[in-house]
Amino acid sequence: MLKLIGSILIITVTTWIGFEVAKQLKERPKHLRYLKNALQSLEVEILYGHTPLIEATMRIAKQIPKPLSTMFDSFAHKLQSKQTNVMDAWEESIQEVWRQTSFKQGEYEILTQFGKTLGQHDIVSQQKHIRLALNHLEREEGDAIERQTRYEKMVKSLGFLSGLLIVILLI
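Note that the sequence shown covers residues 1 to 171 in this note's numbering.
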């Protein structure tokens with residue numbers, strides 16, 4: 001009886017781990033889409049609305065789901081408090097929500113590079129930097145979708161099968 005309960009527990013835990021890894025693979029393209037939409041909204045706010053950066057990021061925070069809304073909201077509040085510059089506020093905001101996202105190192109590099117140019121140039125140059133970031137994010141999204149389709153089912157199955165293997169080896 002104890003072996004049966006232990007076996008079920010092992011299989012359940014390894015299957016759960018497989019599903020959690022698959023969830024990360026599934027969430028990454030979605031988070032990238034939200035981020036691209038947010039940057040496109042930022043571009044529209046800056047280019048056509050001539051909206052100040054604080055107000056634009058507050059509007060964007062209301063339009064997108066968490067955890068990215070938290071990042072933009074935090075950024076706006078840091079700018080409002082005027083205790084830091086734009087680049088530092090952007091990077092701190094990214095770091096606050098980084099663990100809640102499914103982003104990889106590539107996205108971190110794109111976001112920090114974009115943050116270095118944010119608010120530093122005129123409207124036309126800012127648009128070019130936003131477009132560049134969007135192009136990089138588009139590439140990362142393609143990679144994320146490819147990884148998801150290739151590995152999502154496999155990781156789920158691998159979680160269950162590894163639990164089954166452990167149970168067989170222990171019996």
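Ideal Cβ positions, reconstructed from N, Cα and C, are used throughout, including at glycine. This one's a predicted model, so the numbers in the text were calculated from it and none came from an experiment.
Contacts around residue i, its chain only, beta-carbon distance under 8 Å, and the 5 residues preceding and following it disregarded
| i | result |
| --- | --- |
| Q148 | L25, K26, R28, P29 |
| T51 | E45, R59 |
Spatial neighbours of residue i in its chain, beta-carbon cut-off 6 Å, leaving aside the 5 residues before and after
| i | result |
| --- | --- |
| K104 | none |
| T14 | G159, S162, G163 |
| A76 | I54, T57, M58 |
| K116 | M87 |
| S7 | V167 |
| A22 | E152, V155, K156 |
Cut-off 7 Å between Cβ atoms - residues of its own chain near residue i, not counting five sequence neighbours on either side
| i | result |
| --- | --- |
| F114 | H129, A133 |
| L165 | none |
| Q63 | S41 |
| Q127 | E43, L47 |
| F19 | K156, G159 |
| K78 | T84, A89, E92, S93 |
Member of the options whose CA lies at the smallest distance from the CA of residue i
| i | options | result |
| --- | --- | --- |
| I17 | L170, M154, L79, R150 | M154 |
| R139 | L32, T70, A76 | L32 |
| E141 | E109, T12, L35, D122 | L35 |
| A38 | V21, A61, L2 | A61 |
| T101 | P67, I110, A89 | P67 |
| Q120 | S69, N85, M71, I11 | N85 |
| Y108 | T70, S125, L137 | L137 |
Cutoff 7 Å: residue i Cβ touching any chain C Cβ
| i | result |
| --- | --- |
| L39 | The structure shown contains no chain C; it holds only a single protein chain. |
Distance between residue j and residue i (C-alpha atoms, nearest Å)
| i | j | result |
| --- | --- | --- |
| Q80 | I54 | 7 Å |
| P65 | E92 | 19 Å |
| A144 | I94 | 20 Å |
| L2 | V97 | 42 Å |
| I171 | T12 | 17 Å |
| L9 | R99 | 28 Å |
| L4 | E146 | 39 Å |
| I123 | G49 | 11 Å |
| F72 | Y151 | 31 Å |
| T112 | L118 | 10 Å |
| N106 | L169 | The residue asked about is misnamed: residue 106 is Gly in this sequence, not Asn. Cα-Cα distance, rounded: 39 Å. |
| T70 | I110 | 18 Å |
| K82 | S74 | 13 Å |
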